[in-house]
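Input: a single structure, listed below in structure tokens.
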């Protein structure tokens, strides 16, 4: 009887652990729904958005490249849907960690997202 109780207890712990792991993965893959208003963006980000809508010119060679969304922090779309653009960081000696990622047509995107922490979190830009 004791062995059967231990077996049931072990299975229950395993089931709860599995559920917790699956839940954590689902939460990690859930796209961000936070928003930021256009006026709340740093001036550099507002400038980049204006450049996106006129197709440049851009400051960095990598601006406009395809963003893969490998971490699944943005809504799922087919490859090539998202493009990323650097938002200059005052005082940074490199590109820094600020970006705008837009989805859809290049000059008339369906949605744009701002990240200030190099793709860790995104906020949808409300215009």
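Numbering (this note's numbering), first residue to last: 410 to 536. For glycine and all other residues, C-beta sits at the position ideal for the given N, C-alpha and C.
Please name the residue, chosen from the options, that lies closest to residue i on a Cα-to-Cα basis.
i	options	result
residue 508	526, 462, 519	526
residue 462	528, 510, 532	510
residue 468	476, 492, 457	457
residue 459	522, 449, 516, 524	516
residue 489	451, 481, 514	514
Could you please give the first and the last residue of the uninterrupted alpha helix (DSSP H) stretch that includes residue i?
i	result
residue 459	452-462
Determine the DSSP secondary structure at residue i, reduced to helix, strand or coil.
i	result
residue 520	strand
residue 480	coil
residue 531	coil
residue 449	helix
residue 435	Only weak support exists for where residue 435 lies, its pLDDT of 44 falling under 50; the value from the coordinates is given anyway. Helix at residue 435.
residue 551	Nothing about residue 551 can be reported from this structure: the residues present for the chain run from 410 to 536 only.
Checklist entry - Which residue spans inside the segment 483-515 form an unbroken beta strand (DSSP E) run of at least 3? => result 491-495, 508-512
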